Amino acid sequence: MPLDIIIGAQWGDEGKGRITDLLASQASIVARYSGGDNAGHTVTVKGKIFKLHLIPSGIIHQDALCLIGDGVVINPTTLLREMDELAQRGIDVSPNQLQISRGAHLITPAHIALDKAAEARRGHGAIGTTLRGIGPAYTDKAARSGLRAGLLADPEGLADALSQHVAAKNEILTRIYGAEPLDATAVAAQYAQFGQRLRPYLVDGHVVVHQALADGRAVLAEGAQGTFLDLNHGTYPFVTSSHPTAGGALVGLGVGPKQARRVIGVAKAFTSRVGGGPFPCELAGETAARLRGTGENPWDEYGTTTGRPRRVGWLDLVMLRHAVAINSLTELVLTKLDILSGLKELPLCVAYELDGKRIAHFPTDPNLLARCQPIYEKLPGWEYDITQARAMAELPPTARRYIDFVIEMLDIPISVVSVGPGREQTIFM
Ligand code: IMP
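The sequence shown begins at 826 in this note's numbering and counts up one residue at a time.
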């Protein structure tokens, strides 16, 4: 009963879509378990670039059924746009390939309006959300007033629920934020159309997953965002409103922990983050610009969803140790090693100094974390271009040393290293 879970081990954008894409061919189901279209997964296949926000990246190869699980929040506009774009490129997005769990929640224009209004109100303390309505949709879910995807099959129920929902949100938008109200009739008409198109895709996601596991077919749980954006274990309040950790995968799909076989953490060979919040290893200046790239390539460090330049820094092993513990990671995938080529010296953060004391753990309290100074161990870099390497032995000794150092510090194996954006630019260890 193999359930393999892919987790972002940092602040998201680690290259999970790419690894999902590599593992999807062995899976019978690829399932998203949390988050929504705040995610952005770029997958490059045979020189073709696919950018996905909501549909699991497994859809590109069509080997597995793609499931949007109960833990996800769905903006139907994004979902249908993505489905149409994929269909235009010859990819089957029929219910044979894509299914939506009835228990997933719907994002509405009112959630998006509230996200924007709340961020504007926060001013300098803004979280830097993707403005996709994610927080407000999960707020409604927790308040037991959310709209579940199952409603799409019940036109009357959907119309009633939306009219109450928009009326309630309009009160908040107008009275608290001084924003424009939304037109409830227009929203209901739009969602009625969404319902017609999406109804055939609805399933009970956990039943689909349990059947696969009972048949001995592999299920791949595709992560979005990353461990340090987790509502419980991330750098609260600078987090997303879901659980992008291994626990979130179980709750989001409705399976228990004994089903999990591999819990694969994905980390970049350096660190990046978008949005606000403390970032101990953050770099500025020339080195940051170099790690970030110019933005000309889709794999440069600019948000897939928002286009924002990402903040970048050296690899933080204190964070990764925390991610190993929080998620019970069985292995790590290290991406974008090639980006470090040409740097003379590579500092890796092995501990923090907090108020004059050395600490080895990750404090999630943002006030403490903001006071942490990284303690680095410096390894020598490598000059060569490594994008052609396909085996450990083809990497320069200093690159191998970098990988070995990470393995030693985390005490888990590294199973895959990526040395470029292409599917083939992968070293299996
Ligand atoms: P939200 O998920 O849009 O509410 O945003 C909350 C925080 O999570 C912000 O700092 C976002 O930049 C960050 N975030 C959300 N999704 C992603 C992602 O897929 N990659 C990286 N950061 C993300």
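Just so you know, even glycine gets a beta-carbon here, dropped at the ideal spot from N, CA and C. Every value quoted in this text rests on a predicted model; they were computed, and no experiment measured them.
query	result
Arg1146 - DSSP class collapsed to helix/strand/coil	helix
C-beta contact flag for Asp895 and His1031 at 8 Å	yes
Check your reading: residues with Cβ closer than 5 Å to the ligand IMP heavy atoms	Gly837, Asp838, Asn863, Ala864, Gly953, Thr954, Thr955, Ile959, Gly960, Gln1050, Leu1054, Thr1065, Val1099 and Gly1100
Alpha carbon of Ala1013 to alpha carbon of Gly1101, nearest angstrom	34 Å
Proximity to Leu1173 [Cα-Cα], best of Ala1094, Ala1109 and Val898	Ala1094
Boundaries of the alpha helix (DSSP H) in which Leu847 is found, first to last residue	Lys841 to Leu848
For Arg973: DSSP bridge partner residues	His930
Under the three-state DSSP convention, the category Ser882 falls into	helix
Cβ of Thr1131 within 8 Å of any chain C Cβ	Here there is only one protein chain, and chain C is not present.
Three-state secondary structure (DSSP) of Asp909	helix
Bridge partner(s) assigned by DSSP for Gln924	Leu892
Given Glu981 as reference, the closest of Gln1018, Asp965, Gly953 and Arg1183 once Cα atoms are compared	Gln1018
Alpha-carbon to alpha-carbon, Pro1103 and Leu1194	6 Å
Whether Ala849 touches Leu1045 by CB criterion (8 Å)	yes
Residue range of the unbroken alpha helix (DSSP H) whose run includes Leu1116	Gly1110 to Arg1117
Contact belief for Trp937 with Ile899 at Cβ below 8 Å, rounded distance in angstroms	One detail in the question is off: residue 937 reads as Ile in this sequence, not Trp. That pair is no contact at about 13 Å.
Limits of the alpha helix (DSSP H) - the one that His1035 falls within	Gly1030 to Ala1039
Outcome for Gln851 when other beta-carbon atoms lying within 10 angstroms are tallied against a minimum of 16	exposed
Residue closest to Glu1202, alpha-carbon to alpha-carbon, out of Gly1090, His990, Pro1188 and Tyr1177	Tyr1177
Extent of the continuous beta strand (DSSP E) to which Asp829 belongs	Leu828 to Gly833
Nearest candidate by alpha-carbon position, reference Thr1060, set Glu910, Gln835, Pro827 and Gln1084	Gln835
Per-residue DSSP class, three states only, for Ala856	strand
Collapsed DSSP secondary structure at Thr1065 in the structure displayed	coil
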